[in-house]
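All remarks here apply to the structure that follows.
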Amino acid sequence: MKKLSPWIEIPEVQTFEHLRAAVNGYTYSRVILTALDLDIFSVVGGQSWTIRRLALALHSSKRGIDILCRNLASLGLLEVQNGLYKNSSLGATALNKKSPEYRGAYLSLLQRHWDEWSQLTDSVKSGKPLPDDDPIAEEEHRRAFTWAMHHRSRDMAPRIAKHIDLRGATTLLDVGGGPGTYTLAILAKWPKLHGTVGDRPAALQVARAVARKHPAGKRLSFLPLDFMVEDIPGSYDVILLSNVIHIYGPAENIALLKKIKAALNPGGRVIIQDFFLWDKKGLRPIETNLFALTMLLYTETGNTYAAQEVKKWLTKAKFLTVTTIPTSDEPLLEGR
Ligand SMILES: C[S@@+](CC[C@H](N)C(=O)[O-])C[C@H]1O[C@@H](n2cnc3c(N)ncnc32)[C@H](O)[C@@H]1O
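Per the working numbering, residue 1 is the first one in the sequence shown, and the count goes up by one each step.
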């Protein structure tokens with residue numbers, strides 16, 4: 001199969017051996033999550049460690065750390081030579097709290113998913129998201145989630161931006177733009193463009209903080225918006241809808257696309273980025289189907305959709321032409 005995303009390709013289960021490998025996939029996740037729980041990559045930092053010293057520093061047993069580190073080295077997350085362990089380049093940066101490239105907010109989100117995915121059977125039976133008994137207040141939860149989105153996409157955003165041709169456009173609205181990471185990457189490429197992130201106030205707080213540190217941040221504005229209950233104010237040459245449609249069901253998405261159409265200048269366009277299913281049967285990529293289960297766990301109506309279905313929604317919302325924009329990651333959809 002053609003590789004559609006930078007994700008690890010998950011094989012189909014056709015034999016009992018495949019089944020064993022697929023079911024035991026949790027051991028692969030768990031060893032990394034335990035390393036993150038112990039914050040091992042920050043403790044290792046830039047030094048080389050014997051197991052004895054590392055176990056002491058981590059307040060853990062020598063036996064446990066020995067077996068854990070051997071596993072992390074076999075996965076390529078640590079390096080080992082003559083019994084001394086040090087960080088791999090990923091461990092030293094994205095996984096290390098002391099590095100400016102640390103992606104802790106997204107790692108925390110992944111760590112939380114472990115317990116929540118354990119309740120998947122309940123969600124499948126009820127068809128409902130997990131009960132919201134999160135002790136963290138709603139606003140704080142939204143801010144943490146928005147930082148997680150920034151840490152998730154900050155290297156993907158410039159890659160995607162390279163493929164979006166916005167010649168002639170001067171205004172862009174990023175609907176549900178969260179931290180604004182994608183719009184900032186696009187603004188960096190198009191110096192005459194002005195961007196606006198439309199999202200809930202807690203997400204906009206994070207977007208403001210991200211923009212302050214970005215060279216194109218001065219060309220970004222912030223629009224408090226709940227697009228499910230209000231129309232989109234203003235009019236724009238381009239509207240970006242990135243990783244939003246999977247949160248909602250088809251009827252809500254069609255209503256949103258109609259609001260977007262109404263907020264576009266003549267000749268304007270919407271660009272949609274999401275986890276799409278690209279094959280005829282709606283089964284590939286496997287990761288996109290797995291992500292639908294995440295939506296089952298966390299949202300009332302969310303899902304992942306075939307690109308073909310989203311194209312039909314665009315037509316219902318009166319977009320006259322719908323095209324696919326190839327990127328180095330997954331393709332985008334564009335409606336005009
Ligand atoms: C998965 S995040 C995607 C963020 C960003 N677009 C990206 O691709 O990284 C979805 C975003 O949509 C926002 N959102 C969801 N429903 C919304 C609504 N009804 N009104 C405004 N924003 C909404 C969330 O607050 C969140 O920031």
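Think of the CB as a built atom: it goes at the ideal place given N, C-alpha and C, for glycine as much as any other residue.
DSSP has residue 174 in a bridge; who is on the other side? 197 and 240.
Output the residue ranges of the alpha helix (DSSP H) runs that lie fully inside the stretch 116–171 and measure 4 residues or longer, sorted by chain position. Runs of the alpha helix (DSSP H) inside the stretch 116–171: 120–126, 138–153 and 156–161.
How long is the line joining the alpha carbons of residue 1 and residue 56, rounded to whole angstroms? Note that residue 1 scores a pLDDT of 36, beneath 50, so its modelled location is shaky; the value from the coordinates is reported in the next line. For residue 1 and residue 56, the distance between alpha carbons rounds to 47 Å.
For residue 103, count neighbouring Cβ atoms within 10 angstroms of its own Cβ and tell me buried if that reaches 16, exposed if not. In summary, residue 103 is buried, with 16 or more beta-carbon neighbours lying within 10 Å of its beta-carbon over all protein chains present.
For residue 86, report the span of its alpha helix (DSSP H) as first-last. First-last for residue 86: 84–87, but that is the beta strand (DSSP E), not the alpha helix (DSSP H).
Have a look at residue 64 and residue 75 and give me their C-alpha separation to the nearest angstrom. So the two alpha carbons sit approximately 17 Å from each other.
What's the gap between the Cα of residue 130 and the Cα of residue 139? Spanning the two alpha carbons is a distance of roughly 18 Å.
Nearest-angstrom Cα separation, counted from residue 327 out to residue 3: Legend: pLDDT at residue 3 = 48, less than 50; position of this residue unreliable, value from coordinates given subsequently. Distance from the CA atom of residue 3 to the CA atom of residue 327, rounded to whole angstroms, is 12 Å.
Quick check: what's the CA-CA separation for residue 206 versus residue 146? Cα to Cα, the separation comes out at about 7 Å.
Determine the burial state of residue 193: buried for a count of at least 16 other Cβ atoms within 10 Å of its Cβ, exposed for fewer. Result: buried.
Kindly provide the chain-ordered list of residues whose Cβ lies closer than 6 Å to any non-hydrogen atom of ligand 1. Ordered along the chain, the selected set is 146, 149, 153, 176, 177, 178, 181, 182, 199, 200, 203, 225, 226, 227, 228, 242, 243, 244 and 247.
Span separating the alpha-carbon of residue 5 from that of residue 216: The pLDDT assigned to residue 5 is 49, lower than 50, so where the model puts this residue is not dependable, and the model offers no usable value.
Which residues bound the alpha helix (DSSP H) around residue 250? 250–262 is the span of the alpha helix (DSSP H), which, as asked, contains residue 250.
Assign residue 82 to buried or exposed, taking buried as 16 or more other Cβ atoms, counted over all protein chains shown, within 10 Å of its Cβ. Residue 82 comes out exposed.
Just reading off the beta strand (DSSP E) that residue 222 is part of, what are its end residues? Its beta strand (DSSP E) spans residues 220–224.
Return helix, strand or coil for residue 58, following the three-state DSSP convention. Per DSSP, reduced to three states, the secondary structure at residue 58 is coil, with no helix or strand assignment.
Between the alpha carbons of residue 301 and residue 246, how many angstroms are there, rounded? C-alpha separation (whole angstroms): 9 Å.
Leaving out five residues on either side along the sequence, give the residues of the same chain with a beta carbon under 6 Å from the beta carbon of residue 323. Apart from the 5 residues on each side of it in sequence, residue 323 sits with its Cβ closer than 6 Å to the Cβ of 334 in its chain, given in chain order.
Under 8 Å by Cβ, that's how I've got residue 195 and residue 172 pegged, so tell me the actual separation to the nearest angstrom. Indeed, because the Cβ distance is near 5 Å, the residues count as touching under 8 Å.
Touching or not, the stretch 149–162 and the stretch 223–232, by the rule of three or more beta carbon pairs under 8 Å? The answer is no - the stretch 223–232 does not touch the stretch 149–162, with fewer than three Cβ pairs under 8 Å.
Whether residue 268 touches residue 238 by CB criterion (8 Å): Taking 8 Å as the Cβ cut-off, residue 268 and residue 238 qualify as a contacting pair.
What would DSSP say about residue 269, mapped onto helix, strand or coil? Note: residue 269 maps to strand in three-state DSSP.
Take the Cβ of residue 177 as the centre, count every other Cβ of all protein chains shown within 10 Å, and call the residue buried at 16 or more, exposed below. By the neighbour-count rule (16 or more Cβ atoms within 10 Å), residue 177 is buried.
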